[in-house]
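Sequential numbering from 1419 applies to the sequence shown in the working numbering. Here the structure comes first, spelled out in structure tokens, and everything after it is commentary.
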Amino acid sequence: MDRSALWIGIGFVGQALFFARFLVQWLASERRKESVVPRAFWFLSIGGGLILLSYALWRRDPVFIAG
């Protein structure tokens, strides 16, 4: 596997973690019948965000890095 394929995989993992935070928050809110933000939401946000930031840095994409 070449280096770019590895980084694309890392980018997809980061995106999956960042998306999973939505599912975690949605399911927790449905279960409690009110809007809640569980602790797992924040761990997924930070983890996914850091992985996506590392991917953006590898791509040297200033728009992606800033956003």
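Heads up, the beta-carbon is just placed ideally off N, CA and C, and yes, glycines get one too.
Among the residues of its own chain, which have a CB less than 7 Å from the CB of residue i, if the five just before and after it don't count?
i	result
Gly1432	Gly1466, Ile1469, Leu1470, Tyr1473
Trp1425	Tyr1473, Trp1476
Ignore the nearest five residues each way along the sequence and tell me which others in residue i's own chain have a CB closer than 6 Å to its CB.
i	result
Gly1429	Tyr1473
Ala1434	none
Ser1463	Arg1439
Just to confirm the assignment, what range does the alpha helix (DSSP H) spanning residue i have?
i	result
Pro1456	No alpha helix (DSSP H) holds Pro1456; DSSP gives it neither H nor E.
Glu1448	1421-1450
Give every residue of the same chain whose Cβ lies closer than 8 Å to the Cβ of residue i, excluding the five residues on either side of it in the sequence, and list them in chain order.
i	result
Ile1494	Given that the chain is displayed from residue 1419 to residue 1485, the structure contains no residue 1494 and the question cannot be resolved.
Ser1447	Ser1453, Val1454
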